[in-house]
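Have a look at the structure below before the remarks.
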Amino acid sequence: MGWTRKDLLSMRELDASEITLMVDTAASLQEIASRDIKKVPALRGKTVVNLFYEASTRTRTSFEIAGKWLSADVVNFSSSGSSSSKGESFIDTAKNIAAMSPDVVVVRHSSAGAADLLARELPCSIVNAGDGAHEHPTQALLDLLTIREKKGHFEGLHVAIVGDIAHSRVARSDIHGMRKLGMTVTVAGPPTLIPPFVQELGAKVIMMLRLQQERMSAGLIPSTREYARFWGLTLDKLARHARPDVLIMHPGPVNRGIELSPEVADGPYSVILDQVSRGVAVRMGVLLLLAGRKGGDGA
Amino acid sequence: MSLLLRGGRVIDPANTVDAVQDVLIENGKIARLGRSLEAPADAEIVNATGKIVCPGFIDMHVHLREPGQEYKETVATGTRAAAAGGFTAVCCMANTSPVNDNGAVTDYILAKARVEGRVRVYPIGAVTRNLRGEELAELAELAESGCVAFSDDGRCVMNAGLYRRAMEYTLPFGAPIISHAEDATLSAGASINEGVVSTELGLPGQPAAAEDVMVARDILLAELTGAHVHIAHASTAGTVRLVRDAKARGIRVTAEVTPHHLVLTEDAVRTWDANTKMAPPLRTKRDVEALIEGLADGTIDCIATDHAPHALSEKEGEYDRAAFGIVGLETAVAVALDRLVRPGLLPLATLIARWSRDPARLLNLPGGTLSAGAVADVTILDLDTETTVDPSRFHSRSRNTPFGGWQLHGGPWMTIVGGELVRAVGR
């Protein structure tokens, strides 16, 4: 089965075979990272624009490296120091960039639905690199790739997602992706950070989420101290509650000492840096499938 | 000058009339109803055979945006939209720029309406100065200038003490206070209803309780003061229950509901179309069912559009940054006929009552009936027409509707204000 969609907007819209295709493609590209010359000609002559309206280190760098390793021309846009600081609307800026004929626009924005908006308005492929608290599909894909490498399979695995679920796009994308591949997902955290109607399910992998201090209106938790005491993951809690082969994941950036103790973040169960390196492979796979899609407007 | 409406099915809920009759209009008043009336020599005759002749529809909740936001709507364009949509009168909210919180602004709106208005315009004055919720507006002067009610619509007066004083102060004027019931601390930052869709889309939501808490407060204040409180744009099952109980206890509370809250749910937000964003937000199927039930049993007194025009640039971008509100004047009647009356959810006569008799009584307005001697405001419906909603053809200056492309069965056919034909399909 080939990839037919014009855009990658959410995990919710994908079916299990599409997700598997993405993960398989990423897995096949992973060895490029270990080459001496990290460059393949797959996307030579293609243009990828990183349109980032929100601060990002990991995701933006990851997409940039992915594009460059595939020989695409990669252009980075960030909202500060651009025409949007002169008052140009998001949609106008995006249309202007689209007028320069990029093949793929990778968008990160604080508003949920921003990627869907561009997909509707622009002719090029859109990759959602995180829209508000809605979705972050490439993060979910790299989480899936990391889990499969470490565990060998998906079916029957039990994942606990702990922390600020309400403001997390990663949690939403992971929940959709993991369920579609046969995993059981449990969410946990202070009730003020759990969104309504999130189904509680049944844990081998623990995914810790960042306590998103910059997105939380004041008052959802009494203090970070209390949060760390009751919801933070420590070696002691792991020893008491988790299986010996548990994986500890985190989408980053980590607030050390709040959601994870340093001993856990750097400990033997942690695959946090593996996630980051798999991220480049996943983004290569996504760019390759979208830009290399046959038949132009197949979506 | 006279007008004879020949052979239509006359439905006048105020007089419990439902019969094929002629309606004779003379000098801007209803002269008489009867079978095979003789046409006066100067009479224009309208063949209304097969059509529904009703008292003129009153939309007691619109935003005409003038003065100050003429790029969204004006008295001229908004009343033209009203006439096209089958309305003979509209009540316009105070959140203009400057705010209608003093007699001069009311005078300006009424002067515009006299010159450029296509239908009757009844201004609603602000409760608090500049809608800030801090001090009372000059309520007596507003009433004297012609305001028919008071409301900070668009904002909720969060200060219960101040709101209580507003209710007491306006008691002698016989004009209700209209509540935009939304606890701002529960709805802060929200774009949509809090529920399964807000969780899925990651959009900040506000719970139904944001409305219910304030409806409960306002009912208690109405009980305390004896004032008439009217709940604008009811959107929750909780509001319906609270208003029903309050009415049973004899408290002077009334309520309205919009067409969109009667036919759409939060599911519509999944399209990311900012024309599904309004305050209060679209709620759940359970809320919609309760609202329809409340409208049918009289708990909810009227249908009002909350016509809220916005420019395209205010609706086309990111969802959470888009303006709240949609236009409704030109789709309301057709949407209600097609989605409520046609499937049998609401009797036609009830729909007509909720759009004519009931708002007229609630606000002490002329019209709302076809009794002899009443003002000749008449809405004529065509239940057989098929239309596709085409926002590019709206008379309103704005196009922000979620109903574009909807195919609707039934709609307004003719609008008569004070005996003058202001709008007729195909004429």
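The listed protein sequences correspond, in order, to chains A and B.
With the numbering used here applied, the first sequence corresponds to residues 1 to 299, in that order.
With the numbering used here applied, the second sequence corresponds to residues 1001 to 1427, in that order.
Cβ coordinates follow ideal geometry from the N, Cα and C atoms, glycine included.
Test: residue i CB closer than 8 Å to a CB of chain A
i                       : result
residue 1196 of chain B : yes
residue 1283 of chain B : no
residue 1202 of chain B : yes
residue 1071 of chain B : no
residue 1321 of chain B : yes
residue 1317 of chain B : yes
residue 1401 of chain B : no
residue 1331 of chain B : no
residue 1276 of chain B : no
residue 1199 of chain B : yes
residue 1355 of chain B : no
residue 1272 of chain B : yes
residue 1013 of chain B : no
residue 1280 of chain B : no
Beta-ladder partner(s) of residue i, from DSSP
i                       : result
residue 41 of chain A   : None, per the DSSP bridge assignment.
residue 1307 of chain B : B:1062
residue 1057 of chain B : B:1087
residue 1179 of chain B : B:1231
residue 1029 of chain B : B:1026, B:1375
residue 1021 of chain B : B:1008
Minimum C-alpha distance to residue i - residue among the options
i                       : options                        : result
residue 1379 of chain B : B:1055, B:1373, B:1190         : B:1055
residue 74 of chain A   : A:49, A:177, A:89, A:211       : A:49
residue 175 of chain A  : B:1228, B:1311, B:1199, B:1004 : B:1199
residue 91 of chain A   : A:104, A:80, A:109             : A:109
residue 159 of chain A  : A:232, A:246, A:132            : A:246
residue 1282 of chain B : B:1205, B:1298, B:1307         : B:1205
residue 1465 of chain B : B:1369, B:1234, B:1280, B:1160 : This structure gives no information on residue 1465 of chain B, because the portion of chain B shown stretches from 1001 to 1427.
residue 276 of chain A  : A:4, A:112, A:266, A:58        : A:58
residue 292 of chain A  : A:35, A:47, A:11               : A:47
residue 1165 of chain B : B:1138, B:1008, B:1121, B:1146 : B:1138
residue 1410 of chain B : B:1256, B:1388, B:1418, B:1090 : B:1388
residue 192 of chain A  : A:220, A:271, A:78             : A:220
residue 1284 of chain B : B:1239, B:1193, B:1373         : B:1193
8 Å Cβ cutoff, residue i in contact with chain B
i                      : result
residue 5 of chain A   : no
residue 134 of chain A : yes
residue 221 of chain A : no
residue 169 of chain A : yes
residue 198 of chain A : yes
residue 91 of chain A  : yes
residue 56 of chain A  : no
residue 251 of chain A : no
residue 108 of chain A : no
residue 174 of chain A : no
residue 266 of chain A : no
residue 257 of chain A : no
residue 111 of chain A : yes
residue 289 of chain A : no
residue 202 of chain A : Unreliable positioning characterises residue 202 of chain A in this predicted model, as indicated by a pLDDT of 34, which lies under 50. The coordinate reading is nonetheless provided below. Taking Cβ atoms only, chain B never reaches closer than 8 Å to residue 202 of chain A, which makes this a no.
residue 117 of chain A : yes
residue 8 of chain A   : no
With 16 other Cβ atoms within 10 Å as the buried cut-off, status of residue i
i                       : result
residue 1208 of chain B : buried
residue 1394 of chain B : buried
residue 37 of chain A   : exposed
residue 230 of chain A  : exposed
residue 255 of chain A  : buried
residue 197 of chain A  : exposed
residue 266 of chain A  : exposed
residue 1111 of chain B : exposed
residue 1297 of chain B : exposed
residue 253 of chain A  : exposed
Discussion item. Tell me whether the region 166-182 of chain A and the region 133-151 of chain A touch, counting them as touching only if at least three CB pairs, one residue from each stretch, are closer than 8 Å.
Written reply: Counting Cβ pairs under 8 Å, three or more are found: they touch.
Practice prompt. Flag this pair as touching only if the region 10-24 of chain A and the region 51-65 of chain A have three or more C-beta atom pairs under 8 Å; answer yes or no.
Written response: no
Worksheet item: Okay, do the region 1265-1273 of chain B and the region 1213-1221 of chain B touch, 3+ Cβ pairs below 8 Å being the bar?
Response: no
Fill in: Inter-stretch contact at 8 Å, needing at least 3 Cβ pairs: the region 1274-1284 of chain B / the region 1023-1034 of chain B
no
Discussion item. Tell me whether the region 1288-1307 of chain B and the region 1381-1389 of chain B touch, counting them as touching only if at least three CB pairs, one residue from each stretch, are closer than 8 Å.
Written reply: no
Practice prompt. For the region 1138-1150 of chain B and the region 1099-1115 of chain B, state whether three or more C-beta atom pairs, one from each stretch, are separated by less than 8 Å.
Written response: yes
Discussion item. Contact between the region 1303-1314 of chain B and the region 123-132 of chain A is defined here as three or more beta-carbon pairs at a separation below 8 Å; is this criterion met?
Written reply: By the C-beta criterion, the region 1303-1314 of chain B is judged not to be in contact with the region 123-132 of chain A, since fewer than 3 inter-stretch pairs fall below 8 Å.
Discussion item. Below 8 Å, how does it come out for the region 104-122 of chain A and the region 141-155 of chain A: are there three or more Cβ pairs, yes or no?
Written reply: no
Worksheet item: Taking three-plus beta-carbon pairs below 8 Å as touching, is the region 1033-1046 of chain B in contact with the region 1066-1074 of chain B?
Response: no
Discussion item. Does the structure place the region 1109-1120 of chain B close enough to the region 1170-1182 of chain B that three or more beta carbon pairs sit under 8 Å?
Written reply: The region 1170-1182 of chain B vs the region 1109-1120 of chain B: no contact.
Discussion item. Using a Cβ distance threshold of 8 Å, determine whether the region 1330-1346 of chain B contacts the region 1395-1406 of chain B, with at least three qualifying pairs required.
Written reply: yes
Discussion item. Three Cβ pairs or more, each shorter than 8 Å: is that satisfied between the region 1348-1360 of chain B and the region 1056-1064 of chain B?
Written reply: Yes: at least three Cβ pairs fall under 8 Å.
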